[in-house]
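Asks: Quick one: structure below, then a few questions.
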Amino acid sequence: MALNADTTIADLLREKPESAQVLFRFGMGCLGCAIANNETIREAAQAHGVPLEEMLSALGIAEA
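Numbering of the sequence shown is given in this note's numbering, commencing with residue 9 and proceeding in unit increments.
What follows is the structure, given as structure tokens:
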């Protein structure tokens with residue numbers, strides 16, 4: 009699966025479980041909640057006030 013900004017948090021964690029530590033650093037502590045099943049990385053960044061480009065860089069994935 010090609011990961012990008014429109015990948016859901018749940019799919020990101022299935023493909024790259026080590027990404028949880030990166031998301032925690034950005035203040036995203038509820039990675040197992042129901043929202044994570046449908047929320048994209050882009051949406052999560054916006055909801056948490058995190059610059060998308062910074063988060064994607066830390067995760068090592070492309071924007072689109």
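Where a beta carbon is used, it is the ideal one built from N, C-alpha and C, also for glycine.
Give the straight-line distance between the Cα atoms of MET9 and GLN54, rounded to the nearest whole angstrom.
Replies: Computed Cα separation, rounded: 23 Å.
Asks: What are the boundary residues of the alpha helix (DSSP H) that includes LEU67?
Replies: Unbroken alpha helix (DSSP H) run through LEU67: 60-67.
Asks: Please work out which residues of its chain come closer than 8 Å, Cβ to Cβ, to SER27, disregarding the five sequence neighbours upstream and downstream, and give them in chain order.
Replies: Result list for SER27: LEU20, LEU21 and LEU67, in chain order.
Asks: To the nearest angstrom, how far is it from the Cα of ALA18 to the Cα of GLU51?
Replies: For ALA18 and GLU51, the distance between alpha carbons rounds to 13 Å.
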